[in-house]
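Numbering (mature numbering (1 follows the signal peptide of the UniProt record, and there is no 0)), first residue to last: -22 to -1, 1 to 334.
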Amino acid sequence: MKIVKSLPTLVVIILLAIFSEAKPISSILSETESTPGTLDVFGKGNLSTAYFNVRTTSPPRPLLVVTPNVSGTYPVVLFLHGTYLLNSFYTDLLQHLSSHGYIVVAPQLWDLILPSGPEELEYAVKVANWLPLHLTSVLPKNVEANLEKIALAGHSRGGKTAFALALGYSKIASQVKFSAVIGVDPVAGASKESRTEPKILNYVPGSFNLTIPVAVIGTGLGDQPKFWPMPACAPQGVNHVEFFLESRPPSGHFVTTDYGHMDMLNDHLDGVIGTVAEALCKNGKGPKDPMRRTIGGIVVAFLKAYFEADADEYATILEDPSVAPVTLDAVHQFAGPPNHPQPQVNFNYIDGSTEL
């Protein structure tokens, strides 16, 4: 419970409690607290959106494009899906981002056979290089992409691929400049000893050679198996903790305490792939919508801070994680958002693990 800082306010509350038959002091005090999810970024944005598939021979991979359909120029988010998942499984989350003023391009990185990590990375950079020449041609009339502001984002292995692309691990050179990178429960393999190629984790704090802002959003249940003997979907040693620790300032780390690795996907996932996705990982007990709004809100607030120099909502989340629709662990960060400097977090490795 937050402390009421104003003495006159406290006096009024006490008097109300004495003379009111309906509400005790604790109830009145609770009404002065922030309601979770009340920040604008956690709700649907003001822009109407449209999403469509691009399956012509032009893009190097089939694309799902989610865009505002209101005239304007918008930053771009290149979003990479997780292992054996479909880009269509993320439409609710991606529409949340788009409604706040972002064009989201989500390639489908596999068909029948899952590509290797390096192959997936090359697909991703080819899609990135496709953007400057072709993205505008598939957007609604009077909607333009601001290709000076491109954020890389991805979930699960897609999160790791996003970091690998930002770090320059692809053989094909990127022809675009990335302005931010976001990992949504990123995973670098089955274990520290069984990491997927390219092996980007070095287990050295701050070793990612990135000068762009980083946000890492993990899940509290991702490192727990659904049931024995199934492995966890986001195992310790290769999950969000390591990605954050190896990032340099400015970076933020958020963990949705009571939710699992797949809980940001749509409520209903079609086909055999959807059935497997729903059964594979440990899930939270609550509905998915608050989880999607939390992740979407953090991403929007992060991008507003670094793309639009509007850091108020991001700073609020960093300072008071209880404003999110779902419970967040204590937020960690290295340096604060623009014009909102925050204390840095001290960390170190102990016996191969991390301690924050």
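Just so you know, even glycine gets a beta-carbon here, dropped at the ideal spot from N, CA and C.
If residue i and residue j are in contact, beta carbons under 8 Å, what's the gap, nearest whole angstrom?
i           : j      : result
GLY196      : VAL219 : 7 Å
VAL216      : VAL162 : Not quite, the Cβ-Cβ distance comes to about 15 Å (not below 8 Å), so this is no contact.
GLU122      : THR235 : Not a contact, Cβ separation roughly 39 Å.
LYS22       : SER66  : Not really, about 19 Å apart at Cβ, beyond 8 Å.
LEU130      : LEU56  : 5 Å
VAL83       : LEU41  : 6 Å
GLU175      : GLY95  : 4 Å
ALA151      : ILE276 : Contact doesn't hold; Cβ gap of about 31 Å is too wide.
SER178      : ALA142 : It is Ile, not Ser, that sits at residue 178 in the sequence shown. The pair is a contact, with the Cβ atoms about 5 Å apart (cut-off 8 Å).
residue 350 : GLY230 : Because the chain spans -22 through 334 in this model, residue 350 falls outside it and cannot be assessed.
Only counting the same chain, and skipping five residues up and downstream in sequence, which positions put a Cβ closer than 8 Å to that of residue i?
i      : result
PRO316 : ALA283, TYR284, ALA287 and ALA289
THR16  : VAL301
ALA144 : LEU130, PHE156, VAL159, LEU188 and ILE190
Could you check which residue in the options has the C-alpha nearest to that of residue i?
i      : options                           : result
ALA106 : ILE91, LEU117 and PRO85           : PRO85
THR139 : ARG173, THR51, SER115 and ARG270  : ARG173
ILE160 : GLY274, TRP206, PRO110 and ILE295 : GLY274
SER185 : SER152, PHE221, PHE156 and GLY167 : PHE221
PRO110 : PRO37, TRP206, ILE178 and GLY95   : PRO37
PRO303 : LEU113, PHE280, MET269 and LYS177 : MET269
THR27  : ARG39, LEU58, GLN73 and LEU42     : GLN73
ARG39  : TYR80, TYR101 and LEU64           : TYR101
GLY167 : ASN31, ASN24, GLY137 and THR253   : GLY137
SER25  : ILE251, ARG33 and VAL48           : A small correction: the amino acid at residue 25 is Leu; Ser does not occupy that position in the sequence shown. Of ILE251, ARG33 and VAL48, the residue nearest in Cα terms is VAL48.
TYR29  : LEU63, LEU64 and PRO118           : PRO118
VAL250 : PHE20, ASN31 and LEU64            : LEU64
MET208 : GLY238, LYS260, PHE20 and TYR237  : LYS260
GLN311 : LEU258, VAL233 and GLY262         : VAL233
GLY238 : VAL44, GLY252, THR253 and LEU258  : LEU258
ASP89  : GLN214, HIS59 and TRP108          : HIS59
LEU125 : TYR80, PHE20, GLY198 and PRO93    : TYR80
With a threshold of 6 Å on Cβ separation, who are the neighbours of residue i within its own chain once the five nearest residues in sequence on each side are excluded?
i      : result
PRO299 : LEU306 and VAL309
PRO228 : PRO191 and ALA313
LYS127 : PRO53, SER157 and PHE285
TYR292 : ALA279, PHE280, ALA283 and PRO315
THR61  : SER134 and ARG135
GLU98  : LEU87 and THR139
LEU71  : MET242, ARG270 and GLY274
PHE20  : ARG271, GLY275 and PRO303
CB-CB under 7 Å to residue i, same chain, minus the five flanking residues each way: which ones, in chain order?
i      : result
ALA210 : GLY200, ASP201, GLN202 and PRO203
LEU247 : PHE67, ALA255 and GLU256
ASN180 : GLU224
THR294 : LEU17 and VAL301
VAL116 : VAL32 and VAL43
Report the three-state DSSP secondary structure of residue i (helix, strand or coil).
i           : result
SER229      : strand
residue 362 : There is simply no residue 362 to check, as the chain begins at -22 and stops at 334 in what is shown.
SER8        : Annotation note: pLDDT 32 at SER8 (below 50); position unreliable, coordinate value reported separately. Here SER8 sits in helix by DSSP.
PRO53       : strand
ALA28       : strand
ALA151      : coil
ILE195      : strand
LEU258      : helix
ILE3        : Residue placement at ILE3 is poorly supported in this model, since its pLDDT is 26, which falls under 50; the coordinates still yield a value, given next. Reduced to three states, the DSSP call for ILE3 is helix.
GLY274      : helix
GLU33       : It is Arg, not Glu, that sits at residue 33 in the sequence shown. Coil, per DSSP.
ILE128      : strand
THR189      : coil
GLY161      : strand
GLU98       : helix
ARG173      : strand
GLN214      : coil
PRO316      : coil
VAL116      : helix
GLY200      : coil
GLY249      : helix
VAL19       : helix
For the ligand ATP, any of its heavy atoms closer than 7 Å to the Cβ of residue i?
i      : result
VAL250 : The ligand ATP is not among the ligands present in this structure, which contains no ligands whatsoever.
Quick check on residue i: buried or exposed, where buried means 16 or more other Cβ atoms within 10 Å of its Cβ?
i      : result
VAL278 : buried
PRO265 : exposed
THR69  : buried
SER169 : exposed
ILE91  : exposed
ASP241 : buried
PRO2   : With a pLDDT of 35 at PRO2, under the threshold of 50, the predicted position of this residue should be treated as unreliable, though the coordinate-derived value follows. With fewer than 16 Cβ atoms within 10 Å of its Cβ, PRO2 is classed as exposed.
VAL103 : buried
GLN153 : exposed
PRO46  : buried
TRP206 : exposed
THR114 : exposed
THR272 : buried
ASN132 : Looking at the sequence itself, residue 132 is Gly, so the reference to Asn does not match. The residue is buried, with at least 16 neighbouring Cβ atoms inside 10 Å.
GLY262 : buried
GLY146 : exposed
With 8 Å as the threshold, decide whether the Cβ of residue i is near any Cβ in chain D.
i      : result
ALA151 : Considering every chain present, this structure includes no chain D. It has just one protein chain.
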